[in-house]
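What follows is a set of notes on a single structure, which appears directly below.
2 protein chains.
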Amino acid sequence: MPADIDLLIRPEWIIPIEPAGVTLSGHALAVSDGCIVALLPIDEALQRFRPRQTLDLPGQVLLPGLVNLHTHAAMSLLRGYADDLPLMRWLSERIWPAESRHAGPDFVRAGTLLACAEMVRGGVTTFNDMYFFPEAAADAARKVGMRAVLGIVVVEFPTAYAADADDYLAKGLAVRDALNGDPLLSFCLAPHAPYTVADKTFINIATLAAQLEVPVHLHLHETRHEIEESLKQHGVRPIERLHRLGLLGPQLIAVHAVHLEAGEIDLLAREACHLAHCPTSNLKLGSGIPPMSSIQSIGINFGLGSDGAASNNRLDLFREMRHAALLAKGVSQNAETLDAHATLHAATLGGARALGLDGRIGSLLPGKAADLCAVRLDEWLIQPCFDPASHLVYVAGREQVTHTWVEGNLVMSNAVPLQINISELLDMTGLWHTRLTS
Amino acid sequence: MPADIDLLIRPEWIIPIEPAGVTLSGHALAVSDGCIVALLPIDEALQRFRPRQTLDLPGQVLLPGLVNLHTHAAMSLLRGYADDLPLMRWLSERIWPAESRHAGPDFVRAGTLLACAEMVRGGVTTFNDMYFFPEAAADAARKVGMRAVLGIVVVEFPTAYAADADDYLAKGLAVRDALNGDPLLSFCLAPHAPYTVADKTFINIATLAAQLEVPVHLHLHETRHEIEESLKQHGVRPIERLHRLGLLGPQLIAVHAVHLEAGEIDLLAREACHLAHCPTSNLKLGSGIPPMSSIQSIGINFGLGSDGAASNNRLDLFREMRHAALLAKGVSQNAETLDAHATLHAATLGGARALGLDGRIGSLLPGKAADLCAVRLDEWLIQPCFDPASHLVYVAGREQVTHTWVEGNLVMSNAVPLQINISELLDMTGLWHTRLTS
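Residue numbers (our numbering), protein chains in the order written: chain A, 1 to 438; chain B, 439 to 876.
So, in structure tokens, the structure goes:
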């Protein structure tokens, strides 16, 4: 007897990520109760299952939903607010003043809503966020239907959100307690960066991370300036400082990691740390280009991040995939570096693994959540297509994404998020544009 | 009495490129007989002109059509045919064998048609081509309604197109004679590269370029390998070799120019050579990253090129703009390098100047041809917009281009080229896909 299932998807191709390097055709994905039931040849699927809905996707490729391993979602309201400026001037002259005037819960709710809408449009199903008022970000993510990892952000200085490091931690942990049990939400400890967090706070965070079994997500070795300041103030480079404070380990997600010495790459590998590679933001802020070829060959796990829209200026994982693959080749002067399948891995399972969510998302193994996206490769202006995997990385853009599912729920199709009203979203961004420019 | 004109365009913003760094609002562009008549405040336009058609473009920015300064248009049929391979293996194992089997006039006509359709979709109005059978490329460009600069390609070895260097030159010059007088077509001498063209041929080409007053367009210092081979065979690096052969000068468009020593940058500047910067192709083939910050600060004129779709894999100047701006910042570790307006300049007037067409296209000065594109910046997923110029470079994609005009003719709107049949185009690319994979 065939088993009842919710949905059978029959695309032209499926890239399951696990096993690695595989592109299937003639296969179908069976989904029920928000989970992947099976990935199997179409003939077999028709014998084994009686789907309530069957979706044929000719000319389209199905893959796991993309994971944005580092963003400040609310900053989508500051998209293009300050371009062509170096990091420290960008922060101190433009971003921080705007945030100190505007960044309350309403700003975060509105900005994260825009960010989530943009992300699901482009096939992103999970984002790892670092911003103030995570409860407002959670509201927005739930509204759009996305999976979110909310950062429990910590800096030493006061903002509209909290007074000091202990206050940031207390507020973040309270949000975590309040939202515990939501299947689409989880948490990270998110100390902002070595230059904004004190030793004592880092030690607390290491303890908390071990107790709560949550990742620690921070900006690390983003600029030469950060490293020089650490040498002046602490006598060591930030990675060594964090090592001494007990922060390195498989719970650590080091964001950026642009400037790494060989010994630091070895250390990060030995400690099984994860990296969030943000190629666009690193270029745009003039931070530099991380040594991805060495990082890849030593086997450090990494995912891809868009960073915030103020330094990118899109929350577009297709763009990050392309930039990551291209830069790795250009810098190593080896076109075989970071090939298409390795890049797709980084944008899905690599990010999921860094977040400790690889048992749940990141590949199309049965039992995992049905976080998926479908991308059409038959549009005239991207013809011909010889290899769907390399077409995803080097040709297609987010404009070719046709469907996005989170836990089996269709959250985007026909180019729009399904759970929100676009006209209201436009009104809201217009309002914030006026506030920010007045 | 108001003067009759063909068209008055009233967009939200106009970026004229000349004067530099300017974004106008409340202005209109008057077009008649394929030329720009005036760029002026809307009130004044309504007094001075009686347009046969008025086009309001709220939320859109109008700018000169983009110039693709280096491509092999016909290779769009080889889009993604061989990815993740280094240049010499890519050429010798994949591209050259495919070309030797397939690259006849039909291939060139079909591939260039696809390329031109793709380019006008993305706001490109002029392309500088280097490929065999330029008469077939000319057919395709005329069909789509694009402006083309056709390369009179020269290599020493025989192909289906020609037998030896003299034969290539003779065939190319015959095409030039035959098509002379078409206002949308012009010609370049296109010796392929230092490693495929002999001294004697270069000397002929220098003479011809001076006689015919046409640019010379060649791949130069693309890879380290090319330079090493030149040192072995000629005892000097390729730029020095060309210098001795009399090729350096304002007629030269050096494509790629990835590997440059300080003295070579000085020499190219002194000789007033132009560069065609192809950031995506240089990364994808692992060639490297040119020192654009030094090139920009010494004042060498440069435009942007997509290269062919086999090494990019899109003929998308929005992508090249973004990659150029981002890379220049990342490599120089200075976020102020190659700002948005400088990047827009490279993609328009920079390319036009290299081609000797800056009297005709590249900016919105009265008297120039009405080669234009309009881009919508009011789409929800790219909100908010604080600065149209930086939004064009860092946020928008070719999917936001709404109209493309060449000499006042609308050649693209509603996401499709207007002069060709897309369904026929798809059939044709399908046919070539089958041939290339069988």
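Note that the Cβ used here is the ideal one computed from N, Cα and C, for glycine as well.
None of these values were measured; they are calculated from a predicted model.
**Item:** Residues that Asp4/A bridges to, as DSSP identifies them
**Value:** Arg50/A
**Asked** chain B partners of Cys116/A, CB-CB under 8 Å?
**Response** Going along chain B, no residue has its Cβ under 8 Å from Cys116/A, so there is no contact; the nearest lies around 11 Å.
**Message:** Could you tell me the alpha carbon to alpha carbon distance between Ala747/B and His510/B, rounded to whole angstroms?
**Reply:** 8 Å
**Request:** Let me know if Pro417/A comes out buried or exposed under the rule of 16 or more other beta-carbons within 10 Å of its beta-carbon.
**Result:** Classification for Pro417/A: buried.
**Request:** For Ser306/A, decide whether its Cβ has a neighbour in chain B, counting only Cβ atoms nearer than 8 Å.
**Result:** no
**Item:** Cβ neighbours of Met428/A in the same chain (closer than 6 Å, five flanking residues each side left out)
**Value:** Here the set comprises Ala110.
**Member of Val120/A, Glu407/A, Ala415/A and His433/A whose CA lies at the smallest distance from the CA of Pro183/A** = Checking every option, the nearest Cα to that of Pro183/A belongs to Glu407/A.
**Asked** From this set, Ala790/B, Ala555/B, Gly464/B and Val769/B, which residue's C-alpha is nearest Pro688/B's C-alpha?
**Response** Of the candidates Ala790/B, Ala555/B, Gly464/B and Val769/B, the one whose C-alpha sits nearest the C-alpha of Pro688/B is Ala790/B.
**Request:** Please check if any C-beta of chain A sits within less than 8 Å of the C-beta of Tyr606/B.
**Result:** no
**Item:** Outcome for Thr645/B when other beta-carbon atoms lying within 10 angstroms are tallied against a minimum of 16
**Value:** exposed
**Prompt:** Are the region 477-495 of chain B and the region 548-566 of chain B in contact at 8 Å, needing three or more beta carbon pairs?
**Reply:** no
**Request:** Specify, as a first and last residue, the run of the beta strand (DSSP E) that Gly513/A falls within.
**Result:** Limits of chain A in this structure are 1 at one end and 438 at the other, which puts residue 513/A out of reach.
**Message:** Output needed for Gln857/B: all residues of its chain with C-beta closer than 7 Å, excluding positions within five of it in sequence on either side, in chain order.
**Reply:** Lys581, Val582, Gly583 and Val849
**Prompt:** What residues of chain B sit near Asn282/A, judged by a beta carbon separation below 8 Å?
**Reply:** Gly768
**Message:** Give me the chain A residues within the contact set of Pro728/B, using Cβ-Cβ distance strictly less than 7 Å, ordered along the chain.
**Reply:** Here the premise fails: no neighbours, minimum Cβ distance about 10 Å.
**Asked** Quick one: Cα of Cys385/A to Cα of Arg94/A, how far?
**Response** 43 Å
**CB-CB length for Arg675/B against Leu683/B, believed under 8 Å** = Between Arg675/B and Leu683/B the beta-carbon gap is near 13 Å, outside 8 Å, which marks them as no contact.
**Message:** Alpha carbons only, please: which of Leu46/A, Thr280/A and Val108/A is nearest the one belonging to Val255/A?
**Reply:** Checking every option, the nearest Cα to that of Val255/A belongs to Thr280/A.
**Message:** Short of 7 Å in beta carbon distance, which residues of its chain neighbour Gly59/A, apart from the five on each side in sequence? Order them along the chain.
**Reply:** Cβ neighbours of Gly59/A beyond the five flanking positions: Glu12, Arg376, Leu377 and Asp378.
**Prompt:** Just checking my contact of Ala342/A with Glu320/A at CB under 8 Å: how many whole Å lie between their CB atoms?
**Reply:** About 14 Å; that fails the 8 Å criterion.
**8 Å contact criterion, which Lys368/A and Cys35/A should meet: CB distance rounded** = 7 Å
**Request:** Quick one: list the residues of chain B neighbouring Val395/A, beta-carbon separation under 7 Å, in chain order.
**Result:** Arg517, Gly518, Asn751 and Arg752
**Message:** So if DSSP puts Thr404/A in a beta bridge, which residue, or which two residues, is it bridged to?
**Reply:** Cys373/A and Met412/A
**Request:** Quick one: grab the DSSP three-state call for Glu537/B.
**Result:** When DSSP states are grouped into helix, strand and coil, Glu537/B belongs to the helix group.
**Item:** Residues of the region 774-790 of chain B whose Cβ lies closer than 8 Å to any Cβ of chain A, in chain order
**Value:** Residues passing the 8 Å Cβ filter: Glu774, Thr775, Asp777 and Ala778.
**Request:** Would you please verify whether the beta carbon of Thr875/B is less than 8 Å from any beta carbon of chain A?
**Result:** yes
**Request:** With Arg585/B as the anchor, note down where its beta strand (DSSP E) starts and where it stops.
**Result:** Arg585 to Val592
**Asked** Got a sec, what are the start and stop residues for the beta strand (DSSP E) Asp33/A sits in?
**Response** Asp33/A -> no beta strand (DSSP E), and no H or E assigned at all.
**Request:** Please list the residues of the region 380-406 of chain A that have a C-beta atom closer than 7 Å to any C-beta atom in chain C, keeping them in chain order.
**Result:** Of the protein chains in this structure, namely A and B, none is chain C.
**Prompt:** In whole angstroms, what separates the C-alpha of Ala773/B from that of Ala598/B?
**Reply:** 47 Å
**Asked** Buried or exposed: where does Ser538/B fall if 16 or more other Cβ atoms within 10 Å of its Cβ makes it buried?
**Response** exposed
**Message:** Against Thr867/B, what residues of chain A qualify as contacts under a CB-to-CB distance less than 9 Å, listed in chain order?
**Reply:** Trp380, Gln383 and Pro384
**Message:** Considering Cα atoms alone, identify which of Leu803/B, Leu819/B and Asp481/B is closest to Ser423/A.
**Reply:** Of the candidates Leu803/B, Leu819/B and Asp481/B, the one whose C-alpha sits nearest the C-alpha of Ser423/A is Leu819/B.
**Request:** Going by DSSP, name the residue or residues bridged to Trp380/A.
**Result:** Answer is none; Trp380/A lacks a bridge partner.
**Message:** Short of 6 Å in beta carbon distance, which residues of its chain neighbour Ile14/A, apart from the five on each side in sequence? Order them along the chain.
**Reply:** The beta carbon of Ile14/A sits closer than 6 Å to the beta carbons of Leu24, His27 and Leu62 from its chain, once the five residues preceding and following it are set aside; these are given in chain order.
**Request:** Give the secondary structure of Leu69/A by DSSP, where H, G and I count as helix, E and B as strand, and everything else as coil.
**Result:** strand
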